[in-house]
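Note sheet for the following structure.
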Amino acid sequence: MNYLPNQDRYSNMQYNRCGKSGLKLSAIALGLWHNFGGVTVFENSRAMMRRAFDLGITHFDLANNYGPPPGAAEENFGKIFKQDFQGYRDEMVIATKAGYDMWPGPYGNWGSKKYLMASLDQSLKRMGLDYVDIFYHHRPDPETPLEETMGALDLIVRQGKALYIGISNYQAAEAKKAIEILKRFGTPCLIHQASYSMFNRWVEAELLGLLQEEGVGCIAFSPLAKGLLTGRYLKGIPADSRAASPSIFLNPDDITEAKMAKVRELNEIAVARGQSLAQMALAWILRDGKVTSVLIGASKPGQIDDCVGAIKSLDFADEELERIEKILA
Ligand SMILES: NC(=O)c1ccc[n+]([C@@H]2O[C@H](COP(=O)([O-])OP(=O)(O)OC[C@H]3O[C@@H](n4cnc5c(N)ncnc54)[C@H](OP(=O)(O)O)[C@@H]3O)[C@@H](O)[C@H]2O)c1
Numbered sequence: 000m001n002y003l004p005n006q007d008r009y010s011n012m013q014y015n016r017c018g019k020s021g022l023k024l025s026a027i028a029l030g031l032w033h034n035f036g037g038v039t040v041f042e043n044s045r046a047m048m049r050r051a052f053d054l055g056i057t058h059f060d061l062a063n064n065y066g067p068p069p070g071a072a073e074e075n076f077g078k079i080f081k082q083d084f085q086g087y088r089d090e091m092v093i094a095t096k097a098g099y100d101m102w103p104g105p106y107g108n109w110g111s112k113k114y115l116m117a118s119l120d121q122s123l124k125r126m127g128l129d130y131v132d133i134f135y136h137h138r139p140d141p142e143t144p145l146e147e148t149m150g151a152l153d154l155i156v157r158q159g160k161a162l163y164i165g166i167s168n169y170q171a172a173e174a175k176k177a178i179e180i181l182k183r184f185g186t187p188c189l190i191h192q193a194s195y196s197m198f199n200r201w202v203e204a205e206l207l208g209l210l211q212e213e214g215v216g217c218i219a220f221s222p223l224a225k226g227l228l229t230g231r232y233l234k235g236i237p238a239d240s241r242a243a244s245p246s247i248f249l250n251p252d253d254i255t256e257a258k259m260a261k262v263r264e265l266n267e268i269a270v271a272r273g274q275s276l277a278q279m280a281l282a283w284i285l286r287d288g289k290v291t292s293v294l295i296g297a298s299k300p301g302q303i304d305d306c307v308g309a310i311k312s313l314d315f316a317d318e319e320l321e322r323i324e325k326i327l328a
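Taking numbering that gives the first Met the number 0, the leading residue of the sequence shown gets 0, the next gets one more, and so forth.
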């Protein structure tokens, strides 16, 4: 069936400026790490993309290795894009990355110019795109000179294969160096993609301050702690959840009683605020404007509806924030 997007799609989403750039990102972005690969139901992935776009999500995040198998998420995204979104390319901010294991041998991983240039060409073919909006270096490479990696990102922008570039998983000191080098090259770093959730607050120490000073945006990945900070595990481990799935990134052992005790207490605050726990966890990240966008994953369209509902209530009373601090301590 032909897809006609919701005409009201821009009325309920918030769009935040990414650092000091000209680009705004939807406050909620959809990541295709899980549930878009070769083992998932294609029509479900397609329905999630449509739902996200209908709700005003403009930003879609991929990487060369998302699947399984690696590359499958980009291929499926390419099929969905061709079927449903070709007429809407200019309303979308599409990101991909390279940095993790992609093909055998010394040129299929890390941060050499050889790897990054080849990987982006492969990604563009898989997705059927002429360019991506954002291309990231996915993780720092301890061996390749940072000048080489950043030089490849700069070249990619000059070639028109990406409009903007970003870094991911860089610690504050590494990020500072990368941002400086990119400034020298004349291709500013648009964004840092970092893990951040109520259960994982490392960015608060230094990174968020640095990014603000430098005018670089921040997108928080796994803001729901891969599903833990939702109602998903309140009554055990559902058979269709990530923890029960073959994904190695969340296991039944991660759903500890200590974590669940915190989840239950947080859920009480969410209920009192009239929100789902997922909505409160996302609002909490967006609460003070230091983070441009929260990058969620989903396994069903309804989860995206729920998450986007967070936008309705992003403010916290001081006593709510204090209670949350005590629970997380
Ligand atoms: N740069 C990096 O190194 C890096 C690393 C990891 C992720 N990422 C990016 O971040 C994106 C998100 O990561 P993530 O999937 O771990 O994020 P997440 O948002 O923390 O977790 C997503 C999971 O939470 C559950 N969920 C989502 N909304 C829900 C709701 N409203 N109610 C109940 N459960 C809900 C679903 O679990 P079920 O599947 O169990 O239903 C979903 O798969 C990825 O797709 C990727 O684009 C980047």
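Yeah, the Cβ is synthetic: ideal placement off N, Cα and C, and Gly gets one too.
Residue i versus the options, residue with shortest Cα-Cα distance
i      : options                       : result
Asn168 : Arg183, Tyr135, Leu181        : Tyr135
Leu329 : Leu115, Arg45, Ala171, His58  : Nothing about residue 329 can be reported from this structure: the residues present for the chain run from 0 to 328 only.
Gln170 : Gly127, Gly159, Tyr195        : Tyr195
Lys175 : Ala151, Val202, Asp60, Leu209 : Leu209
Leu54  : Lys112, Leu128, Leu3, Gly77   : Leu3
Asn75  : Phe35, Gly110, Val262         : Phe35
Met0   : Arg16, Trp32, Glu42           : Glu42
Val156 : Leu281, Leu115, Thr255        : Leu115
Met363 : Ala26, Asn15, Trp32, Glu324   : Any property of residue 363 remains undetermined from this structure, which presents the chain solely from 0 to 328.
Ala97  : Gly165, Tyr87, Asp252         : Gly165
Ala71  : Phe52, His33, Ile56           : His33
Gln274 : Asp305, Val293, Ile254        : Asp305
Ala62  : Gly159, Gly21, Phe52, Gln192  : Gln192
Ile268 : Phe184, Leu162, Glu319        : Glu319
Leu233 : Glu205, Pro245, Leu265        : Leu265
Leu145 : Gly159, Gln158, Ala177        : Ala177
Ala297 : Glu205, Leu24, Leu223, Asp253 : Leu223
Nearest-angstrom beta carbon gap, residue j and residue i [assumed within contact, 8 Å]
i      : j      : result
Asn11  : Ile310 : 7 Å
Gly18  : Gly214 : 5 Å
Ile303 : Arg50  : 5 Å
Under 8 Å between C-beta atoms of residue i and residue j
i      : j      : result
Val131 : Thr95  : yes
Glu73  : Arg138 : no
Leu228 : Leu276 : yes
Asp120 : Asn108 : no
Pro300 : Met47  : yes
Ile27  : Val307 : yes
Ser122 : Ile218 : no
Ala242 : Asn250 : yes
Leu189 : Leu294 : no
Gly226 : Phe184 : no
Phe329 : Arg286 : Within the shown structure, residues of the chain are numbered from 0 to 328, placing residue 329 beyond reach of any answer.
Leu128 : Asp153 : no
First and last residue of the uninterrupted alpha helix (DSSP H) at residue i
i      : result
Gln211 : 206 to 213
Tyr114 : 112 to 126
Lys175 : 171 to 184
Asp153 : 145 to 157
Host beta strand (DSSP E) of residue i (start-end)
i      : result
Ala62  : Note, Ala62: premise wrong, no beta strand (DSSP E); not H, not E.
Asp89  : That residue, Asp89, is in no beta strand (DSSP E); it is neither H nor E in DSSP.
Phe134 : 131 to 136
8 Å Cβ cutoff, residue i in contact with chain B
i      : result
Met279 : Checking the listed chains, one finds no chain B in this structure; it contains a single protein chain.
Query raised in the report: Could you give the uninterrupted runs of the alpha helix (DSSP H) lying entirely in the segment 233 to 316, keeping only those of 4 residues or more?
Result: 256 to 272, 276 to 285, 300 to 307
**Report entry** Length at least 3, wholly inside the segment 17 to 51: the beta strand (DSSP E) runs in chain order
**Finding:** 23 to 25, 27 to 30
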